[in-house]
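To start, the structure itself, in structure tokens.
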Amino acid sequence: MRGADLLIGIVLLTGTITHITAGSDECKVRSFGQSSVVCECNATYCDSVGHVSSPAVGHFLSFLSSKAGRRLQREQGQVQKNSTGAALRITLVPTEKYQHVKGFGGAMTDAAAMNILSLSTGAQNQLLRQYFSPEGIEYNMVRVPIASCDFSTRLYTYADSPDDYSLLNFSLAEEDTRMKIPLLQRAQVLSARPLSLFATAWSSPAWLKTSGALIGKGSLKGKPGGKEYKTWAQYYIRFLQEYEKHNLSFWGLTTGNEPTAGELTNYSFQALGFTPELQRDWIAMDLGPALHSSPYAKTRLMILDDSRLLLPHWAKVVLSDIHASRYVHGIGVHWYWDHFVPAKISLTATHELYPEYFILGTEACPGWSSLDHGVRLGSWERAEDYAHDIIEDLNNYVTGWTDWNLALDMSGGPNWVKNFVDSPIIVDRSKDVFYKQPTFYSMAHFSKFLWEGSQRIGVSLSEHTSLENCAFIRPDGSVVLIVLNRSDAEVGFEVWDQSLGFLPASAPPHSILSLLWATS
């Protein structure tokens, strides 16, 4: 057993704290009795991957995270002129070019903001640096709920005065002005590049709805083109205007969170029902024209924002209509029911039908299932679930992947409906610490290395393997290969870059590996 792995074994058995190397600083390891460990951070200390630049031509960097306890462990290797003789060869096929990457990130929900702000200022800064700074994992996307969702502590919209069709009483909530907006501003300062914010609404004001309530089954009153639909479109414009007053602009909008929730099921939290036909007509007659005639005409509009189970049907209904499709830029998908439908017959089939529209992963979290609910501090299985889904999505034309809450508390909340889940960062306000979960490092293997503008390229495997992988050329010409090993056995392999030579590598059992090298 390697030294670091032995230390992790001791931690898992005893629950004591130790340190292992993770990037430029060490992980302060804590065990909570799960399959792996978390890294504990406070106001003055946190492990960090640090700045990463492409190595000199002829060398490569590898970053390893594993169930055994490695966390972005950095090593350097040398490209060889001759084959290593490994049975498994991964050959890059750079002539096969696919989609470009938009990015990776998480959601600044009310709950996330409350948890971050529950820490001391020093710990808050540390947490935000971990996500957004060049020393951290460099998230470049943030999803922002429009008014309340289940991860709020109360039910509210920005226009709760009945029959206010002109939105004269529209105003942001304290959750925006005192929590989310200041944190988004701080994240932007930390980031080396502009953050791409995108906004999503869960429900319209209750007085606009057939149900008269924010929760449960219900849709907008009237018909597309009518005053309710036009008011709901203007509500989006007002949201963008109010955030712009705080120097926050939005790259994108979705047409609403999980439209099937308010249409097909009696959801226990905020929802607004749409069929694809209703969404098509609302975009064509109301939302599209409203955006087009506003200062936000370049804001990317994404349809669906729901399970890929609904593709390609949903896309066909909306994007086959010339009046709606001209206002749409992309399609948002959630991961929750991915195991029910293969990516090829949903994602790839949709891309092949409508290649000019991007597909973006807009929500995912572990711990949502009643069979495996809430926070599990140190669960490696959840990290593997993330990496598997991201690789599968990327290999089927998805341009990026957005996690759900940036931070939750020890119970997986707050959440007014007690719909507790897990998060890559868990905050323990009583100790002024936060824990970076295995899923945090799983996200890092993509967000840190796949810059915006990176392009997926083809790979060819010499034999069948349990390894999952995806390869990209970054804007500076460097190459990133990400490999997931969900098996119990170590798998040795070599990477053949035909312009350079052979990279010797090995994926330990239950590990994620990112390889980075420069081309000549």
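Here the sequence shown stands for residues -23 to -1, 1 to 497, where the numbers follow mature numbering (1 follows the signal peptide of the UniProt record, and there is no 0).
Heads up, the beta-carbon is just placed ideally off N, CA and C, and yes, glycines get one too.
Please read these numbers as outputs of a predicted model, since none were measured by experiment.
In this structure, Leu174 places its C-beta atom within 8 Å of the C-beta atom of Phe227. Residue pairing of Met118 in beta bridges, as defined by DSSP: Gly82 and Ser173.
Per DSSP, reduced to three states, the secondary structure at Gln53 is strand.
Looking at Arg131, Pro481 and Ala320, the one whose alpha-carbon comes closest to that of Lys395 is Arg131. The beta strand (DSSP E) runs of length 3 or more contained entirely in the segment 402 to 458 are, from start to end of the chain, 402 to 405, 410 to 413, 432 to 438 and 445 to 450.
The Cβ atoms of Ser488 and Asn462 sit closer than 8 Å to each other.
For Tyr331, same chain residues with a beta-carbon under 7 Å away, outside a window of 5 residues either side, are Ala292 and Leu296 in chain order. Counted as a single uninterrupted DSSP element, the alpha helix (DSSP H) harbouring Ser302 occupies residues Ile299 to Ser302.
CA-CA distance, Lys5 to Ile402, rounds to 14 Å. Taking the CA atoms as reference points, Ala169 sits about 10 Å from Glu112. Taking C-alpha positions only, Ile434 is separated from Val78 by approximately 11 Å.
Shown here for Asp405: same chain residues with a beta carbon closer than 6 Å to its own, the five before and five after excluded, namely Met387 in chain order.
Burial check for Trp314: the Cβ neighbour count within 10 Å stays below 16, so the residue is exposed. If the five residues before and after Thr237 are omitted, its C-beta is found closer than 6 Å to the C-beta atoms of Asp283, all from its own chain and listed in chain order. Separation of the CB atoms of Ser181 and Glu152 is rounded to 18 Å, and the pair is thereby denied contact status at 8 Å. Secondary structure note for Asp370: it is in no beta strand (DSSP E), and the uninterrupted alpha helix (DSSP H) holding it is Trp357 to Leu371. When the Cα atoms are used, Trp357 and Val15 turn out to be separated by approximately 10 Å. Look at the beta carbons and you see the segment 246 to 254 touching the segment 196 to 209: at least three pairs across the two are nearer than 8 Å.
Across the structure, Thr98 and Arg163 are spaced so that their CA atoms are roughly 12 Å apart. Going by DSSP, Glu329 is part of the alpha helix (DSSP H) stretching over Ala326 to Leu330. In this structure Phe216 is not in contact with Ala267, their Cβ atoms being roughly 12 Å apart against a cut-off of 8 Å. Under the DSSP assignment, Tyr220 falls in the alpha helix (DSSP H) whose first and last residues are Lys204 to Glu221. For His311, the CB contacts under 8 Å within the same chain, skipping 5 residues up- and downstream, are Glu235, Asp282, Asp283, Ser284, Arg285, Gly338, Thr339, Glu340 and Ala341 in chain order. For Asn382, the enclosing beta strand (DSSP E) stretches over residues Val375 to Asn382. Residue pairing by DSSP places Asn462 opposite Ser488 in a beta bridge.
Within the same chain, and ignoring the five residues on either side of Phe417 in sequence, the residues whose Cβ sits closer than 7 Å to its Cβ are Pro401 and Ile402. Beta bridge pairing from DSSP links Cys18 with Phe411.
Taking the Cα positions, Tyr213 is about 11 Å away from Leu144. Listed as beta-bridge partners of Ser39 by DSSP are Glu52 and Leu492.
Per DSSP, Asp282 is one residue of the beta strand (DSSP E) stretching across Arg277 to Ser284. When the alpha-carbon of Tyr220 is set against those of Leu149, Ser407, Gly469 and Gly83, the nearest one is in Leu149. Here Lys74 carries a strand assignment [DSSP, helix/strand/coil].
Within the segment 217 to 279, the complete alpha helix (DSSP H) runs of at least 4 residues fall at 238 to 241, 253 to 259 and 265 to 269.
Ile114 is not a Cβ neighbour of Leu104, given a cutoff of 8 Å. Straight across, the Cα-Cα distance linking Ser476 with Trp428 is about 22 Å. Between the alpha carbons of Leu69 and Gln76 lies a gap of roughly 16 Å.
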